[in-house]
Amino acid sequence: MPTIRMIEPSVRTVDTRKVKVGPKRVDNFYLSPGWRKLMAEIIAERGRVCEDPDCDGRTHHAGMRVFGDHIVELTDGGAPLDKRNIMLRCGASHTRKTAVERARRLAQRFD
Ligand SMILES: [Zn+2]
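Okay, here's the thing in structure tokens:
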């Protein structure tokens, strides 16, 4: 009895995109046990608060998700695991700050 064989594709799929456009570049540092532990400690000490003085607080609520932000960014030589260099932000504040920061870096790059 004849069998039907699947024919293997002779050409593998190749990702030809020159720039990978992931939804978000995940920096391994923010997945590290050291960072996670530090964040757990900070949240235990400070609570789930947004410490951004520029935030209008409209999205704040009890038990909200908070993000740890380096006050002096790592790329600027900021201490990665020093609590004094970490500011907690709500999601809205974190998103706004990240966009501002990205714009600033892009502007610098093309100066
Ligand atoms: Zn906020």
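Numbering (the numbering used here), first residue to last: 522 to 632. Ideal placement from N, C-alpha and C gives every residue a C-beta, glycine not left out.
Taking the alpha carbon of Thr-616 as the point to measure from, which residue in Arg-586, Ala-600, Gly-599, Gly-598 has its own alpha carbon closest? Arg-586
In chain order, which beta strand (DSSP E) runs of at least 3 residues are fully inside the region 550 to 611? 587 to 591, 607 to 611
Any heavy atom of ligand 1 within a distance shorter than 7 angstroms of the CB on Asp-635? Absent from the model: residue 635. The displayed extent of the chain is 522 to 632, so no value can be given.
Below 7 angstroms from a heavy atom of ligand 1 - residues by beta-carbon: Cys-571, Asp-573, Cys-576, Gly-578, Thr-580, His-581, Arg-610, Cys-611, Ala-613, Ser-614
Pull up the distance between the alpha-carbon of Arg-605 and that of Arg-625, whole angstroms please. 23 angstroms
What does the alpha-carbon distance come out to for the pair Ala-583 and Ser-553? 26 angstroms
Does the distance from the CB of Ile-563 to the CB of Leu-609 come in under 8 angstroms? yes
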